[in-house]
Amino acid sequence: MIAELGHYALTLALGVALVQAILPMLGAARGDMQWMGVAVPTALVQFALLMFAFLALMHAYVTSDFSVLNVVANSHSLKPMLYKISGVWGNHEGSLLLWVAVMALFGALVAIFGRNLPPGLKARTLSIQATITVGFLLFMILTSNPFERVFPAPLEGQDLNPLLQDPGLAFHPPMLYIGYVGLSIVFSFACAALIEGKVDAAWARWVRPWTLLAWSFLTGGIALGSWWAYYELGWGGFWFWDPVENASFMPWLVATAMLHSAIVVEKRDTLKSWTILLAIIGFSLSLIGTFLVRSGVLTSVHAFASDPERGVFILMLLAVSIGGSFALYAWRAPSLSGGGLFRPISREGALVLNNLLLTTAAATVLLGTLYPLFLELLTNDKISVGPPFFNATFVPIMIPLFVALGVGPFLPWKRGDLTPVLRLLITAFVFAVVVTVLAGIVIWGQQAYALLGIAVSAWLVGSVVTEIYRRIRPTRSIGFGQAFGRLLNLPRAAWGMSAAHFGIAIVVAGATGASLLTTEKIEAIRIGQTVEVAQFDFTLTGVTQVPGPNYTATRGEFTVTPRDSGTDQSFTLKAENRQFLSNGQVTTEAAIRSASWYDLYAVLGEPVGQGRYTVRLYFKPLVPWMWAGAIFMVIGGLLSLSDRRLRVGAPKRSAAVINSTPDAPSPSAHPAE
Amino acid sequence: MSDAKRRSPAARRKKVRLTLVLCGTLFLAAATALTLSALQENVTFFFGPSEVAEGKVPEGATFRIGGLVEVGSCHIREDGVTREFRITDGSNAVLVTYAGLLPSLFRDGQGVVALGQLDTGHSTFVAKEVLAKHDETYMPTEVVEAMKRAGTWKGDESVAEIQASGTADPCKAKA
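Just so you know, the sequences run in chain order S and X. Heads up, the first sequence is in our numbering, so the first residue is 18 and it goes up one at a time. Heads up, the second sequence is in our numbering, so the first residue is 4 and it goes up one at a time.
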């Protein structure tokens with residue numbers, strides 16, 4: 018019954034979305050306040066309906082209702098509850114339901130928090146958001162309905178792919194979708210602005226919180242996926258340039274560019290066409306990603322099973338939305354009025370460089386991702402474009418970006434001089450050189466290329482610290498005590514920027530360590546034997562059988578001793594191979610020990626005769642910094658988001674507030690906070 | 004400098020735009036050159052076992068090979084680390100060696116894709132990576148392609164055969 022109600026809610030949502038798509042847009046064109054006013058209630062109702070549908074599907078999973086086809090295909094009664102719930106979005110139909118629910122969520126958020134938005138802009142934005150939702154809802158109802166029943170109902174489900182039964186992966190899709198789909202509202206804002214013919218500082222200020230929100234979650238979602246791959250797939254790889262990974266990375270690159278570009282629009286009223294274009298491209302890349310994952314053109318643990326019907330539908334959806342938005346841009350962008358001028362050496366110039374490099378990077382990733390598909394279409398050659406290609410193209414584009422990132426925040430708006438800025442950065446430069454030399458001594462004999470990553474990372478850290486220092490102590494006349502006081506009063510957006518830039522710095526260090534400085538040992542050893550890995554001794558102490566909720570595990574225990582400190586510093590690592598009862602599939606659970614600047618990683622293999630087991634052991638320096646850096650970036654984004662100056666409702670300040678401190682809440686700030 | 008002040012805002016805006024466009028084009032050109040050269044050197048081709056047997060693989064190339072694991076062919080060598088197995092597309096088979104742990108999805112009769120090179124004798128494929136990228140139906144498209152090229156792909160019948168063999172044990176040590 019509940020599944021039927023969910024199904025009904027889904028169809029009703031389609032109807033509501035249609036109304037939301039048509040009436041407000043017409044109302045905005047005609048200046049009809051009543052029709053425009055339809056946008057808010059329909060957005061809220063649509064969200065309520067889709068949330069209900071989503072919860073209905075979740076109910077079917079939680080109760081293991083095997084009369085629902087989707088539950089049969091993806092669940093099992095013995096699965097732990099967390100994975101019954103995460104199984105809702107671990108499949109094609111369920112994840113689509115999550116997609117439309119998040120789209121409706123963002124529509125509802127704009128409806129609630131956008132009270133100070135001009136009615137025309139709000140109506141058009143919600144209308145476009147609903148149009149996209151209509152497309153997806155049609156797709157769902159016609160080809161991918163999660164509520165289909167099966168009769169007779171089987172006694173047991175086919176279980177969720179054991180690889181997906183994992184805490185990291187349980188949360189990866191929702192986070193990713195809030196990011197991915199969050200770009201849709203930015204897209205809608207951009208298209209609405211194009212239709213209105215007006216992009217100004219106020220628009221940028223309204224759009225920035227949504228971009229920040231989407232970006233933060235996208236960063237977190239990608240990092241979670243990467244972290245999952247690291248600990249689950251068994252050899253500590255964290256990024257494979259898999260087409261589906263690229264599908265989430267390209268929108269991230271473009272969203273980062275867009276975020277920074279919007280700053281220029283807000284502060285200097287220029288770079289408008291570019292920002293709008295980035296907003297459109299960002300979500301278009303999200304849509305392309307959806308196509309890649311669901312159409313069957315790719316094989317990947319991410320890809321859902323192929324079905325030509327679905328592929329064709331999504332392709333049509335893509336053509337309409339991407340084609341339509343680009344056509345709109347081509348038609349309306351020329352009418353956007355130009356704004357402030359600036360010289361090449363200026364903060365605008367630096368942000369333009371940032372844009373160029375990020376979009377170029379996104380374009381090369383796109384090329385590398387689509388090239389095999391196109392080539393196969395044309396010549397029937399099956400090729401793969403993998404890490405060698407991306408390392409050869411992506412890294413050379415990013416290095417100048419990171420170097421420039423160190424300099425950009427110091428440049429003034431409109432017109433700057435490079436020499437004094439570089440003089441400020443001498444300390445950071447010296448720091449980078451010193452760190453690189455020290456690192457060179459430590460890693461002597463290993464990949465020299467790693468020094469480049471370390472140098473860049475140290476440079477960025479030095480730059481971020483210098484920037485904060487300059488902000489709180491711009492002249493020597495301010496004492497250290499006073500400067501420290503200023504530190505505590507820095508606006509959150511400043512902290513956000515520093516945190517995010519610091520985050521990327523240590524992600525670079527972490528990625529360098531993970532890719533280039535790992536020590537790997539693969540050996541076949543007996544119980545009691547020891548393997549030396551970097552400065553650690555791994556001893557296999559036992560292999561036992563351990564039962565789990567829906568699997569049986571073979572567990573290998575390792576005692577690890579740091580070679581120079583003796584047995585009192587030893588600790589135990591337990592690696593498992595789990596065989597799932599439902600379908601016999603085996604997953605590898607590596608044993609990972611994280612210290613502050615390295616990871617130890619152990620994997621147990623099969624018995625190979627003569628009482629031996631194959632083991633794979635790793636010493637991975639700097640890897641924990643990748644995850645720490647990602648957390649800093651997410652925190653940075655959320656900090657910036659929480660800065661009152663960027664709230665959707667706070668463009669005006671009344672006279673009474675002008676005399677009070679910068680952080681006092683404005684009376685006109687919108688009520689929900 | 005004072006020249007710029009005498010130009011009208013519109014003219015200055017045009018100059019800025021022109022500069023931006025030129026910069027953008029330069030970047031695009033550089034990126035395109037970089038990308039095309041990277042593509043030429045770093046693209047990995049795919050060959051089925053029959054094509055390898057027929058000698059179609061360029062000398063010394065790193066490539067991917069895909070097919071089914073020949074039933075009963077998987078062994079672990081004396082050193083306990085190197086695995087060997089034969090990969091087949093129904094009409095030809097190639098011996099593959101791999102130093103390391105095989106993915107847990109690896110089974111006799113299942114589809115597998117490996118990345119590596121032929122050894123100097125052209126008889127053994129030395130794998131750097133053994134890929135276990137499966138979608139919900141556990142059938143990599145490359146394996147289907149290899150069998151189609153060999154003429155042994157039977158559509159749904161082949162899929163059923165492959166899925167039926169899914170419960171076999173992984174590699175065993177050589178006696």
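Note that CB positions come from ideal geometry on N, CA and C, so glycine has one too.
Asked: For the beta strand (DSSP E) holding residue 102 of chain X, just list the boundary residues, first then last.; Found: 96 to 102
Asked: When you check each C-beta in the stretch 570 to 595 of chain S against every C-beta of chain X, which residues fall closer than 8 Å?; Found: 594
Asked: With a Cβ-Cβ cutoff of 8 Å, do residue 647 of chain S and residue 481 of chain S count as a contact?; Found: no
Asked: Can you tell me which of S:360, S:242, S:180 puts its alpha carbon nearest to the alpha carbon of residue 189 of chain S?; Found: S:242
Asked: Please list, in chain order, all residues of the same chain as residue 568 of chain S whose beta carbon is under 7 Å from its beta carbon, the five residues on each side excluded.; Found: 595, 596, 597, 598
Asked: Counting pairs of Cβ atoms below 8 Å between the stretch 233 to 248 of chain S and the stretch 159 to 179 of chain S, do you hit three or more?; Found: no
Asked: Verify the CB distance criterion: does residue 64 of chain X have a CB-CB separation below 8 Å to chain S?; Found: no
Asked: Determine, using beta carbons only, whether residue 111 of chain X comes closer than 8 Å to chain S.; Found: no
Asked: Would you tell me roughly how many angstroms separate the C-alpha atoms of residue 668 of chain S and residue 191 of chain S, rounded to the nearest one?; Found: Confidence at residue 668 of chain S is low in this model, with a pLDDT of 49, below 50, so its placement is unreliable and the value that follows should be read with caution. So the two alpha carbons sit approximately 31 Å from each other.
Asked: Kindly indicate the opening and closing residues of the alpha helix (DSSP H) around residue 654 of chain S.; Found: 640 to 659
Asked: So is residue 311 of chain S in contact with chain X if we call contact Cβ pairs under 8 Å?; Found: no
Asked: Need the endpoints of the alpha helix (DSSP H) that residue 178 of chain S sits in, please.; Found: Note, residue 178 of chain S: premise wrong, no alpha helix (DSSP H); not H, not E.
Asked: For residue 74 of chain X, name the three-state secondary structure that DSSP assigns.; Found: coil
Asked: Give the straight-line distance between the Cα atoms of residue 159 of chain S and residue 158 of chain X, rounded to the nearest whole angstrom.; Found: 27 Å
Asked: Could you pull out every residue in the same chain whose Cβ sits closer than 6 Å to the Cβ of residue 94 of chain X, ignoring the five residues on either side in sequence?; Found: 53, 153, 155
Asked: Can the beta-carbon of residue 23 of chain S be found closer than 8 Å to that of residue 164 of chain S?; Found: yes
Asked: Compare the C-beta of residue 487 of chain S against all C-beta atoms of chain X and say whether one is closer than 8 Å.; Found: no
Asked: Can you tell me which of the three DSSP states residue 577 of chain S falls into?; Found: strand
Asked: Where residue 100 of chain S and residue 166 of chain S are concerned, what is the direct C-alpha to C-alpha distance, given to the nearest angstrom?; Found: 21 Å
Asked: Residues of chain X with CB closer than 7 Å to the CB of residue 405 of chain S, please, in chain order.; Found: 45
Asked: Would you say residue 355 of chain S faces chain X, with C-beta separation under 8 Å as the test?; Found: yes
Asked: On the premise that residue 342 of chain S lies in contact with residue 301 of chain S, defined as a C-beta separation below 8 Å, what is that separation, rounded to the nearest angstrom?; Found: 7 Å
Asked: Sorted by chain position, which residues of the same chain lie with C-beta nearer than 6 Å to residue 33 of chain S's C-beta, five sequence neighbours on each side aside?; Found: 59, 62, 63
Asked: Since I believe residue 540 of chain S is in contact with residue 84 of chain X (beta carbons under 8 Å), could you give me their beta-carbon distance rounded to a whole number of angstroms?; Found: 6 Å
Asked: Strictly below 9 Å CB to CB, what residues from chain S border residue 67 of chain X?; Found: 399, 400, 401
Asked: Please classify residue 362 of chain S: does DSSP put it in a helix, a strand, or coil?; Found: coil
Asked: Would you give the residue range spanned by the alpha helix (DSSP H) that residue 327 of chain S belongs to?; Found: 325 to 349
Asked: Under 7 Å Cβ to Cβ from residue 574 of chain S, same chain only, skipping five residues before and after it: list those, please.; Found: 558, 559, 589, 591
Asked: So is residue 22 of chain X in contact with chain S if we call contact Cβ pairs under 8 Å?; Found: yes
Asked: Pull out every residue of the stretch 68 to 83 of chain X whose Cβ sits closer than 7 Å to any Cβ of chain S, in chain order.; Found: 79, 82, 83
Asked: Excluding five sequence neighbours on each side, which residues of the same chain lie with their C-beta closer than 8 Å to the C-beta of residue 34 of chain X?; Found: none
Asked: For residue 675 of chain S and residue 364 of chain S, I'd like the C-alpha separation in whole angstroms.; Found: Reliability of the predicted coordinates at residue 675 of chain S is poor, the pLDDT of 40 falling under 50, and the value obtained from them is presented with this limitation in mind. Computed Cα separation, rounded: 27 Å.
Asked: Are there three or more Cβ pairs, one per stretch, closer than 8 Å when the stretch 252 to 270 of chain S is compared with the stretch 214 to 224 of chain S?; Found: no
Asked: For residue 182 of chain S, collect the residues of the same chain with a Cβ closer than 6 Å to its Cβ; drop the 5 residues on either side in sequence, then sort them by chain order.; Found: 100
Asked: Have a look at residue 28 of chain S and residue 327 of chain S and give me their C-alpha separation to the nearest angstrom.; Found: 19 Å
Asked: Return no unless some Cβ of chain S is closer than 8 Å to the Cβ of residue 19 of chain X.; Found: yes
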